[in-house]
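In the order they appear, the protein sequences are chains X and G.
All residue numbers for the first sequence refer to numbering that gives the first Met the number 0, where the first residue is 0 and numbers rise by one.
All residue numbers for the second sequence refer to numbering that gives the first Met the number 0, where the first residue is 0 and numbers rise by one.
Structure, as structure tokens:
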Amino acid sequence: MRLRLTVNGESRQADDVWEGESLLFVLRERLGLPGSKNACEQGECGSCTVYLDDTVVCSCLVAAGQAEGSRVRTVEGLADGERLDRVQQSFVDAGAVQCGFCTPGLVVAAHDLLDRVPHPAEEEVREALAGNLCRCTGYEKILEAVRLAATREPRA
Amino acid sequence: MDFLRPATLPDALAMKADRPDAVPIAGGTDVMVELNFDHRRPDALLDLTGIAELTRWDRTGNAIRLGATVPYSRVITELGDALPALAMASRTVGSPQIRNRGTVAGNLGAASPAGDTHPVLLVAGAEVEAASVRGSRRIPAEEFYVGVKRNALEPDELISAVYLPVAAGPQQFAKIGTRNAMVIAVCSFALALGSGGTVRAAVGSAGPTPRRARAAEEFLAEAGLDGPPRAEVCGHFGELVATAADPIDDVRGSAAYRRHALSVLARRALAWAWQEYQGKGERTCA
Numbered sequence: 000m001r002l003r004l005t006v007n008g009e010s011r012q013a014d015d016v017w018e019g020e021s022l023l024f025v026l027r028e029r030l031g032l033p034g035s036k037n038a039c040e041q042g043e044c045g046s047c048t049v050y051l052d053d054t055v056v057c058s059c060l061v062a063a064g065q066a067e068g069s070r071v072r073t074v075e076g077l078a079d080g081e082r083l084d085r086v087q088q089s090f091v092d093a094g095a096v097q098c099g100f101c102t103p104g105l106v107v108a109a110h111d112l113l114d115r116v117p118h119p120a121e122e123e124v125r126e127a128l129a130g131n132l133c134r135c136t137g138y139e140k141i142l143e144a145v146r147l148a149a150t151r152e153p154r155a
Numbered sequence: 000m001d002f003l004r005p006a007t008l009p010d011a012l013a014m015k016a017d018r019p020d021a022v023p024i025a026g027g028t029d030v031m032v033e034l035n036f037d038h039r040r041p042d043a044l045l046d047l048t049g050i051a052e053l054t055r056w057d058r059t060g061n062a063i064r065l066g067a068t069v070p071y072s073r074v075i076t077e078l079g080d081a082l083p084a085l086a087m088a089s090r091t092v093g094s095p096q097i098r099n100r101g102t103v104a105g106n107l108g109a110a111s112p113a114g115d116t117h118p119v120l121l122v123a124g125a126e127v128e129a130a131s132v133r134g135s136r137r138i139p140a141e142e143f144y145v146g147v148k149r150n151a152l153e154p155d156e157l158i159s160a161v162y163l164p165v166a167a168g169p170q171q172f173a174k175i176g177t178r179n180a181m182v183i184a185v186c187s188f189a190l191a192l193g194s195g196g197t198v199r200a201a202v203g204s205a206g207p208t209p210r211r212a213r214a215a216e217e218f219l220a221e222a223g224l225d226g227p228p229r230a231e232v233c234g235h236f237g238e239l240v241a242t243a244a245d246p247i248d249d250v251r252g253s254a255a256y257r258r259h260a261l262s263v264l265a266r267r268a269l270a271w272a273w274q275e276y277q278g279k280g281e282r283t284c285a
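Encoded structure:
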């Protein structure tokens with residue numbers, strides 16, 4: 000099929016898409032957006048988290064055919080050119096990145112949380128990030144980054 | 000593979016009648032895993048997410064009709080008061096990302112023994128609305144699960160909605176997993192206390208299908224709930240719940256562990272439900 004969707008504000012299309020392939024595959028392999036990571040392919044790790052029509056989802060569990068006509072926002076769509084989003088900047092400032100593989104998914108999940116809940120309680124942060132696995136180390140710096148981001152103004 | 004994307008329920012039913020082999024997909028949390036891992040290559044996928052009427056829930060009198068593609072996250076945020084145990088169970092499903100996509104109807108369609116909402120649907124007295132070009136029928140949840148990953152749908156039928164009575168008393172859901180989030184149930188338990196002292200209890204992930212714990216229900220109904228359940232009542236209730244299970248040993252737990260855990264869950268759920276019954280009170284057991 001020819002798949003048409005809006006990605007990070009731009010109309011995009013891809014040809015010869017198999018409807019049963021994942022939105023993640025479309026983003027990475029067909030549209031050249033490797034920010035969303037491919038790891039478990041079963042919704043367990045959160046590395047592929049993107050916004051689909053304003054809702055955060057695992058893009059590995061969305062069939063390409065289901066995404067036709069939808070709006071997608073990936074981690075690439077959070078920064079404003081060279082200027083990082085507050086969540087991204089906070090991850091840098093808090094040292095919340097090691098190998099970086101889980102980072103895009105965590106950033107998108109945290110971005111969504113702070114969008115919905117500007118000043119989340121500790122439990123809310125932990126629950127919101129429960130679907131994103133980091134295999135490098137513990138989550139303390141990641142939690143710290145989210146707390147830090149919550150103290151900063153969102154980009155308009 | 001054909002990808003069918005109907006815009007209305009009648010169109011979807013016509014497609015399903017024409018292609019009974021078409022696999023329905025909504026949240027994709029089960030179907031896409033099978034596709035990603037090449038475990039299944041259906042000849043057709045039937046995407047239900049474009050059907051507006053399935054994305055709604057409605058309340059009529061004391062019943063909720065929950066459209067087939069309403070995700071768990073909306074059950075949690077919008078139906079916690081009316082359907083407390085379903086909201087509790089929904090809150091234990093996967094991660095926020097999964098709850099944003101996964102649906103109760105998908106849980107029913109997959110009919111995995113470990114599905115989180117199954118014991119709740121049993122104790123709530125839910126009915127599954129199965130629709131086809133021949134019309135629609137309501138299947139009581141108790142008749143819906145017919146085996147491991149098998150349900151009572153005919154090949155041309157789709158789940159269009161789930162009917163659930165609004166809770167008439169305290170409801171509880173509890174599950175055991177190896178951690179607190181993103182975990183498939185080792186075993187689970189649901190309890191609903193109704194008006195007039197009725198008791199419904201069910202176990203999940205502890206047999207080929209979820210099932211009611213009838214001996215436990217009868218015992219508790221007879222023991223009565225006009226006072227706090229005594230420790231021995233809670234304990235015996237838990238034991239009877241455990242005997243209703245028919246668990247297997249597997250990588251997630253032994254059958255003996257599952258039975259033991261169920262007795263503990265049941266005891267605790269009863270204490271929590273009774274507390275709620277009274278507004279607030281001392282925990283008497285567990």
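Note that beta-carbon positions come from the ideal geometry of N, C-alpha and C, so glycine has one too.
A quick note: this is a predicted structure, and the numbers were derived from the prediction, not measured.
Annotation for F236 of chain G: no beta strand (DSSP E) segment contains it, though the alpha helix (DSSP H) segment containing it runs A230 to A243. What S10 of chain X touches in chain G, judged by beta-carbon distance under 7 Å, is nothing: the nearest beta carbon there is about 20 Å away. A direct Cα-Cα distance of roughly 14 Å separates A268 of chain G from L224 of chain G.
Ranking G:G66, G:N61 and G:A13 by CA distance to the CA of A25 of chain G puts G:G66 first. C59 of chain X has a beta carbon lying within less than 8 Å of a beta carbon in chain G.
Residues of the stretch 94-124 of chain G with a Cβ closer than 7 Å to any Cβ of chain X, in chain order: S94, P95, Q96, I97, N99 and R100.
For Q274 of chain G, the secondary structure class from DSSP, reduced to helix, strand or coil, is helix. Here V263 of chain G is not near V202 of chain G, since their CB atoms are 8 Å or more apart.
Inclusion of G206 of chain G and D249 of chain G in the CB contact set at 8 Å is not warranted, their separation being larger than that value.
Here P23 of chain G is buried. Its C-beta has 16 or more other C-beta atoms within 10 Å. Taking a 10 Å sphere around the C-beta of H118 of chain X, we find fewer than 16 other C-beta atoms and assign the residue as exposed. The alpha-carbon of W56 of chain G is positioned some 16 Å away from that of A166 of chain G. In the three-state DSSP reduction, L2 of chain X falls in the strand class (E or B).
Taking the C-beta atoms as reference points, Q170 of chain G is found nearer than 8 Å to A84 of chain G.
The C-beta separation of G64 of chain X from D46 of chain G comes to about 6 Å, placing the pair in contact by the 8 Å criterion.
Per the Cβ contact rule, the stretch 140-150 of chain X is not in contact with the stretch 25-36 of chain G (fewer than 3 Cβ pairs under 8 Å). When Cβ pairs closer than 8 Å are counted between the two stretches, the stretch 89-107 of chain G is seen to touch the stretch 27-44 of chain X, the count reaching three or more. Under DSSP, the beta-bridge partners assigned to C186 of chain G are G:I175. Using a Cβ distance threshold of 8 Å, D80 of chain G and A184 of chain G do not count as a contacting pair.
In the DSSP assignment, S72 of chain G falls within the alpha helix (DSSP H) that extends over Y71 to E77. When the Cα atoms are used, P209 of chain G and L53 of chain G turn out to be separated by approximately 25 Å.
Non-local C-beta neighbours of C47 of chain X in its own chain, meaning closer than 7 Å and more than five positions away in sequence, comprise L23, S35, K36, N37, C57, S58, C59 and G104, ordered along the chain. With a 10 Å radius around the Cβ and a threshold of 16 neighbouring Cβ atoms, I175 of chain G comes out buried.
Residue contact with chain X for I138 of chain G: absent (no Cβ-Cβ distance below 8 Å to any residue of chain X). With contacts defined by Cβ atoms closer than 8 Å, L82 of chain G and A123 of chain G form a contacting pair. When CB distances to chain G are screened at a threshold of 8 Å, the residues of the stretch 36-64 of chain X falling below it are E40, Q41, G42, E43, G45, T48, T54, V55, V56, C57, C59, L60, V61, A62 and G64, in chain order. The three-state reading of DSSP puts V92 of chain G in coil, since its state is none of H, G, I, E or B.
V49 of chain X and T73 of chain X have their alpha carbons spaced roughly 5 Å apart. M14 of chain G is classed as buried because its beta carbon has at least 16 other beta carbons within 10 Å across all chains shown.
Under DSSP, E128 of chain G forms a beta bridge with G:R137 and G:A160. Within the stretch 67-100 of chain X, the complete beta strand (DSSP E) runs of at least 3 residues fall at 70-72. For V22 of chain G, the enclosing beta strand (DSSP E) stretches over residues V22 to I24.
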